[in-house]
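*Asks:* Please find one structure pasted underneath; my questions will follow.
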Amino acid sequence: MTDTEMRDLIRTIVEPLVSHPEDVKLELKDTDDFHEYLLSVHSDDVGRVIGKRGRIAKAIRSIVYSIQFDGPKRVRLTIVD
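Sequence positions in the sequence shown follow our numbering and run -16 to 64.
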């Protein structure tokens, strides 16, 4: 999977969950071991993306982490609040 496809996947999952889909922003930060996607949403929507006890965030991460990304680096998703 490429960077563009991964961004589309994350947006496809997150945008229906939030009240302000226009405020969903994704940034990519490359490290030696990871492609780290930094997800930021409107302040009113942070709880919706994280969910009770982090269940929704865990489910989103499970989907994203199960995808094989191009290259040897692994993918990490961080929700910025």
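Think of the CB as a built atom: it goes at the ideal place given N, C-alpha and C, for glycine as much as any other residue. Since the structure is predicted, the reported quantities are computational estimates derived from the model, not experimental observations.
Report yes if the C-beta distance between threonine 61 and leucine 0 is below 8 Å; otherwise report no.
*Replies:* Not in contact: threonine 61 and leucine 0 (Cβ atoms no closer than 8 Å).
*Asks:* Ignoring anything shorter than 3 residues, give me the beta strand (DSSP E) runs that lie fully in the segment 12 to 52, in order along the chain.
*Replies:* 17 to 23, all fully within the segment 12 to 52.
*Asks:* Out of Gly54, Asp13 and Arg31, which has the shortest C-alpha to C-alpha gap to isoleucine 43?
*Replies:* Among Gly54, Asp13 and Arg31, the Cα nearest to that of isoleucine 43 belongs to Arg31.
*Asks:* Here's the rule I'm using: 16 or more other beta-carbon atoms within 10 Å means buried, otherwise exposed. How should valine 63 be labelled?
*Replies:* That one is exposed.
*Asks:* Out of Leu(-8), Asp28 and Gly37, which has the shortest C-alpha to C-alpha gap to proline 4?
*Replies:* Taking only the C-alpha atoms, the option nearest proline 4 is Asp28.
*Asks:* Out of Glu19, Gln51, His18 and His25, which has the shortest C-alpha to C-alpha gap to valine -3?
*Replies:* Closest option to valine -3, Cα to Cα, is His25.
*Asks:* In the DSSP assignment, find the unbroken beta strand (DSSP E) run with valine 63 in it and report its ends.
*Replies:* Note, valine 63: beta strand (DSSP E), 57 to 63.
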